[in-house]
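Q: Take a look at the following structure, please.
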Ligand SMILES: [Zn+2]
Ligand SMILES: [Zn+2]
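Residue numbers (the numbering used here): 3 to 156.
The structure is reproduced here in structure tokens:
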């Protein structure tokens with residue numbers, strides 16, 4: 003996806019904001035106008051003087067820069083952006099349209115505890131993350147989540 007917009011590990015809020023603003027070729031003033039905040043506030047953030055953003059500023063900047071608000075929140079807290087996690091499932095045991103077994107969602111789980119099949123969290127065809135087990139088909143390419151995948155145990 004749009005990895006350019008993802009905050010880099012260790013990037014400060016100031017650096018991130020400058021990088022995104024320059025990418026969009028906006029001046030501090032333009033950004034402030036688009037975000038409906040004072041241009042001095044933008045300057046303060048970019049100089050690292052403001053590190054905690056209130057909700058209004060967060061929302062404004064996110065809209066103005068076309069970024070998910072979580073990104074700005076994460077950088078301002080010095081956290082790394084959590085990549086979206088897919089739903090893990092066993093293509094042997096799971097019946098599409100039903101909830102995935104919570105045992106499969108364990109971060110350390112790589113194999114199905116029932117049958118030993120390798121768990122998957124992506125569409126076998128296009129690699130898109132499976133975000134809901136209520137879907138039976140990949141919303142991106144239409145490939146059925148269960149099917150296909152050959153019997154071969156990996
Ligand atoms: Zn299984
Ligand atoms: Zn797909």
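For glycine and all other residues, C-beta sits at the position ideal for the given N, C-alpha and C.
1) Hey, residue 135 and residue 89: beta-carbon distance below 7 Å or not?
2) Grouping DSSP H, G and I as helix and E and B as strand, with all else coil, what is residue 151?
3) From residue 75 to residue 143, what distance separates their C-alpha atoms?
4) Can you tell me the Cα-Cα spacing of residue 23 and residue 15, whole angstroms?
5) Applying the criterion that 16 or more other CB atoms from any shown protein chain within 10 Å of the CB defines a buried residue, is residue 156 buried or exposed?
6) Determine whether the beta carbon atoms of residue 39 and residue 68 lie at a separation below 7 Å.
7) Flag this pair as yes or no: are the beta carbons of residue 101 and residue 91 separated by less than 7 Å?
8) Here's a check: name, in chain order, each residue in its chain whose Cβ is nearer than 6 Å to the Cβ of residue 105, leaving out the five neighbours to either side.
9) Can you list the residues near ligand 2, meaning Cβ strictly closer than 6 Å to any non-hydrogen atom, in the order they appear in the chain?
10) So residue 52 and residue 43 are supposed to be a Cβ contact under 8 Å. How far apart are they, rounded?
11) For ligand 1, is there any heavy atom lying closer than 6 Å to the beta carbon of residue 94?
12) Any heavy atom of ligand 1 closer than 6 Å to the Cβ of residue 69?
13) So, at 8 Å on beta carbons, what are the nonlocal neighbours of residue 112 in its own chain, with the 5 sequence-adjacent residues on each side left out?
A: To lay it out plainly:
1) Locating residue 135 in the chain shown gives position 133, where the first residue counts as 1. Locating residue 89 in the chain shown gives position 87, where the first residue counts as 1. Taking a C-beta distance under 7 Å as the contact criterion, residue 135 and residue 89 qualify as a contact pair.
2) Taking the first residue of the chain shown as position 1, residue 151 is located at position 149. Low local confidence applies: a pLDDT of 47 at residue 151 is under 50, so the model's placement there is unreliable, with the coordinate-based value given in what follows. The answer is coil: DSSP assigns residue 151 none of H, G, I, E or B.
3) If you number the chain shown from 1, residue 75 lands on position 73. If you number the chain shown from 1, residue 143 lands on position 141. When rounded, the distance between both Cα atoms is 32 Å.
4) For the purposes of this step, residue 23 is taken as residue 21 along the chain shown, with counting starting at 1. For the purposes of this step, residue 15 is taken as residue 13 along the chain shown, with counting starting at 1. Cα to Cα, residue 23 sits roughly 12 Å from residue 15.
5) In the chain shown, residue 156 corresponds to position 154, counting from 1. Unreliable placement is indicated for residue 156, whose pLDDT of 41 sits below 50; no coordinate value is reported for it.
6) What you label residue 39 is simply residue 37 of the chain shown in a count that begins at 1. What you label residue 68 is simply residue 66 of the chain shown in a count that begins at 1. No. Outside cutoff.
7) Locating residue 101 in the chain shown gives position 99, where the first residue counts as 1. Locating residue 91 in the chain shown gives position 89, where the first residue counts as 1. In this structure, residue 101 lies away from residue 91, with their beta-carbon atoms at least 7 Å apart.
8) As a position in the chain shown, residue 105 is number 103, starting the count at 1. Hits under 6 Å: 115.
9) Matched residues: 125, 127, 128, 130, 140, 142, 143 and 145.
10) Here residue 52 is taken as the residue at index 50 of the chain shown, counted from 1. Here residue 43 is taken as the residue at index 41 of the chain shown, counted from 1. Yes, they are in contact, since the Cβ atoms of residue 52 and residue 43 sit about 7 Å apart, within 8 Å.
11) For the purposes of this step, residue 94 is taken as residue 92 along the chain shown, with counting starting at 1. The answer is yes for residue 94.
12) As a first step, residue 69 is located in the chain shown; it is residue number 67 there, counting from the start. No, Cβ of residue 69 sits at least 6 Å from all heavy atoms of ligand 1.
13) As a first step, residue 112 is located in the chain shown; it is residue number 110 there, counting from the start. Sequence-distant Cβ neighbours of residue 112 in its own chain, meaning closer than 8 Å and more than five residues away, are 120 and 121.
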